[in-house]
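Counting from 406, one number per residue, gives the positions in the first sequence under my numbering. Here is the structure we will look at, set down as structure tokens.
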Amino acid sequence: MTNNGPPDGRRTDGRSFEVDIDDVLDDEDEDDGDGLFDDLLSGEPIFENKEVLRPSYTPHELPHRNEQINNMATILVAALRGETPSNILIYGKTGTGKTASAKFVSQELEKTSRKYDVPCEVEYINCEVTDTQYRVLAQLANKFIDQNRAYVDERVDELEDLHTAARDDRAALDDTEFDSPREVQNRIDSRLDDKEDMEEVPMTGWPTDRVYSTFFDAVDYVERVAVIMLDEIDKLVEKSGDDTLYNLSRMNSELDNSRVSIIGISNDLKFTDFLDPRVKSSLGEEEIVFPPYDANQLRDILQHRSDTAFKEGALSDDVLPLCAAFAAQEHGDARRALDLLRTAGELAERDQADTVDEEHVRHAQDKIELDRVVEVVRTLPTQSKLVLYAIMTLEKHGVHNINTGEVYNIYKRLCDEIDADVLTQRRVTDLISELDMLGIVNAVVVSKGRYGRTKEINLSVPIEETETVLQADSRLGDIENVTPFVQARFDGDGKD
DNA sequence: CCTCCACAGGAAGCAGGGGTTA
DNA sequence: TAACCCCTGCTTCCTGTGGAGG
Numbered sequence: 406m407t408n409n410g411p412p413d414g415r416r417t418d419g420r421s422f423e424v425d426i427d428d429v430l431d432d433e434d435e436d437d438g439d440g441l442f443d444d445l446l447s448g449e450p451i452f453e454n455k456e457v458l459r460p461s462y463t464p465h466e467l468p469h470r471n472e473q474i475n476n477m478a479t480i481l482v483a484a485l486r487g488e489t490p491s492n493i494l495i496y497g498k499t500g501t502g503k504t505a506s507a508k509f510v511s512q513e514l515e516k517t518s519r520k521y522d523v524p525c526e527v528e529y530i531n532c533e534v535t536d537t538q539y540r541v542l543a544q545l546a547n548k549f550i551d552q553n554r555a556y557v558d559e560r561v562d563e564l565e566d567l568h569t570a571a572r573d574d575r576a577a578l579d580d581t582e583f584d585s586p587r588e589v590q591n592r593i594d595s596r597l598d599d600k601e602d603m604e605e606v607p608m609t610g611w612p613t614d615r616v617y618s619t620f621f622d623a624v625d626y627v628e629r630v631a632v633i634m635l636d637e638i639d640k641l642v643e644k645s646g647d648d649t650l651y652n653l654s655r656m657n658s659e660l661d662n663s664r665v666s667i668i669g670i671s672n673d674l675k676f677t678d679f680l681d682p683r684v685k686s687s688l689g690e691e692e693i694v695f696p697p698y699d700a701n702q703l704r705d706i707l708q709h710r711s712d713t714a715f716k717e718g719a720l721s722d723d724v725l726p727l728c729a730a731f732a733a734q735e736h737g738d739a740r741r742a743l744d745l746l747r748t749a750g751e752l753a754e755r756d757q758a759d760t761v762d763e764e765h766v767r768h769a770q771d772k773i774e775l776d777r778v779v780e781v782v783r784t785l786p787t788q789s790k791l792v793l794y795a796i797m798t799l800e801k802h803g804v805h806n807i808n809t810g811e812v813y814n815i816y817k818r819l820c821d822e823i824d825a826d827v828l829t830q831r832r833v834t835d836l837i838s839e840l841d842m843l844g845i846v847n848a849v850v851v852s853k854g855r856y857g858r859t860k861e862i863n864l865s866v867p868i869e870e871t872e873t874v875l876q877a878d879s880r881l882g883d884i885e886n887v888t889p890f891v892q893a894r895f896d897g898d899g900k901d
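Here it is as structure tokens:
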């Protein structure tokens, strides 16, 4: 829905766009250089440690999130007392520090649990990647199975020690539950049998209920509190309903040894609307909201990281405030702010500049958006590319507010041309909606009264760059010239 | 006020490709 | 091997609908 690309496809410095596009198309993996980049290294380096600006980096201090973190800790501390913590739902838009905070808290929790020897584990699952009930359960089951195996190994080691000790001297059994070395041996055998039975769940193939019971048994094998963290939980619900959550949330009543507690992390404030009321109330026992950062807070965060990320004095004064301001417009997205700062730094580095300045930040803002679009378009499946190509072609011929029928006609023509399968209009409608969600086109349903109800589609990315990327696809490269067809179709149509 | 256009978008179900178990 | 299972991308069939023109 948000697609504030560069204000206009035409730039004063057309060159920089070409360069950037080629970059993006080439670099499958643009990680740090080796040999080729000696030239660049010779300049005064700007970065001290770039890693801390990457999204994957988890800081050990999260400014302006103390309240939320303490909140979580207060709830989760129950786990350390061996009680079941309430389930938690965490809300907040992207880049508001939800995941980072949750991960931070769970690390602390596990650390403390080890210190006091309380059995407590946190499992993290990203539901955008693991997006079906089967996969969530399978992944959880396998994690717990791994742990159980390790647990069995430890116990067996202990028991074996005990066994040898007891053979020398029966007194070694005095304080234990065993009466004879034989019993110890039996226990060892039964543990090993257990381990034998712990079968990993395959990626696919099993019936779901079997995966569930495997997972159930795995959790219940040891006495413990299991905290299950489901990131992007709204994606899971959207794609495969609330069965998973229902199963997870009612597990506690059937578990004998262990307890589970769920932390759900969601971008969408309203996603609980789709849930079964029972799931909704159990999952939302506690709710924590992460509000967007404002520009000042963003500046703090950037300041914090830039101290370690950059060389002393590599940033001119207005850089941080500007990054913060840009990102604040984008619903206070800290990830975006850091991205901006890093990219600005990289651009400065490329220019062999000594300092990062305002211009680099502005340039970075454009580059990030373009890179994103190019990457999204490049990795589109062929059919979506064809649909996009159709839209783009129409747009190029001055047709605006394109409707689905028009797109479909051109699309059919294109498929013909390159000998691809022609999908139904129903399917193409869906593909258009997907493009809309990716922010590549803008599609609004409008009613034109007598003349029906349709989508009005507009391209919301620069035409030329899109075309370049589309034509880089080997299958679309040899599309001849569709112009005559388009013109024939819209001749004298008055759409201009 | 009613009609009827040109689709939107839900539901169901299929193919066929990933895998499993017996 | 056959008989299952699950997932994705797709088709078929369908009902719903805002408003210009009658």
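Backbone N, C-alpha and C fix where the C-beta goes; we use that ideal spot for every residue, glycine too.
DSSP on residue i, reduced to helix/strand/coil?
| i | result |
| --- | --- |
| M634 | strand |
| V429 | With a pLDDT of 47 at V429, under the threshold of 50, the predicted position of this residue should be treated as unreliable, though the coordinate-derived value follows. Of the three classes helix, strand and coil, the one that applies to V429 here is helix, per DSSP. |
| R629 | coil |
| S491 | coil |
| V523 | coil |
| E528 | strand |
| N408 | Since pLDDT at N408 reaches only 39, below the 50 mark, its modelled position is unreliable, and the value read off the structure follows with that caveat. Coil at N408, not helix or strand. |
| V849 | strand |
| Y556 | helix |
| Y496 | strand |
Give me, in chain order, the residues of the same chain whose beta-carbon lies closer than 6 Å to that of residue i; leave out the 5 immediate sequence neighbours on both sides.
| i | result |
| --- | --- |
| S491 | I480, E690 and E691 |
| D883 | none |
| V874 | V779, V782 and R783 |
| D673 | D639 |
| V851 | E861 |
| G438 | Caution is warranted here: a pLDDT of 47 is assigned to G438, below 50, making its placement in the model unreliable, and no coordinate value can be reported. |
| V624 | F549, A631 and S663 |
| T463 | A505 and K508 |
Assuming residue i is part of the alpha helix (DSSP H), what are its boundary residues?
| i | result |
| --- | --- |
| K860 | No alpha helix (DSSP H) holds K860; the beta strand (DSSP E) holding it covers R858 to L864. |
| V792 | T787 to K801 |
| L840 | Q830 to M842 |
| M477 | N471 to L485 |
| S879 | S879 to G882 |
| T501 | Note, T501: premise wrong, no alpha helix (DSSP H); not H, not E. |
| V874 | I868 to Q876 |
| G810 | T809 to I823 |
Got a sec? Which residues, its chain only, sit under 8 Å from residue i by beta carbon, not counting five neighbours each side?
| i | result |
| --- | --- |
| R740 | P460, T499 and G500 |
| F676 | I638, D639, V642 and E643 |
| E362 | Outside the shown range of the chain (406 to 901) lies residue 362, about which nothing can therefore be said. |
| S645 | D536, T537 and Q538 |
| T613 | Q538, Y539 and L542 |
| T609 | Y539 |
Between residue i and the rest of its own chain, which residues show a CB-CB distance below 7 Å, the 5 nearest in sequence each way excluded?
| i | result |
| --- | --- |
| L606 | The sequence given here has Val at residue 606, not Leu. A543, A546, N547, V616 and T619. |
| V849 | K860 and E861 |
| K600 | R554 and V557 |
| Y684 | In the sequence under discussion, the amino acid at residue 684 is Val, which differs from the Tyr named in the question. Closer than 7 Å at the Cβ level, and outside the excluded window around V684, lie D647, L650, Y651 and S654. |
| N454 | T713 and A714 |
| Q788 | L828 and L836 |
| T504 | D636 and I670 |
| D681 | D647 and Y651 |
| A925 | This structure leaves residue 925 out entirely; the chain is present only between 406 and 901. |
| V523 | L485 and G487 |
| K790 | L875, D878 and L881 |
Runs of alpha helix (DSSP H) lying entirely within the segment 565-603, each at least 4 residues, in chain order:
586-602
Length at least 3, wholly inside the segment 627-695: the beta strand (DSSP E) runs in chain order:
630-636, 664-671 and 691-695
Alpha helix (DSSP H) runs contained entirely in the segment 713-780, provided each spans 4 or more residues:
724-734 and 739-755
Check whether the segment 667-674 and the segment 628-635 are in contact - that is, three or more C-beta pairs closer than 8 Å.
yes
Cβ contact (3+ pairs, closer than 8 Å) linking the segment 757-765 and the segment 794-802:
no
Measuring CB atoms only, is the segment 693-702 touching the segment 509-518, in the sense that at least three cross pairs come out at less than 8 Å?
no
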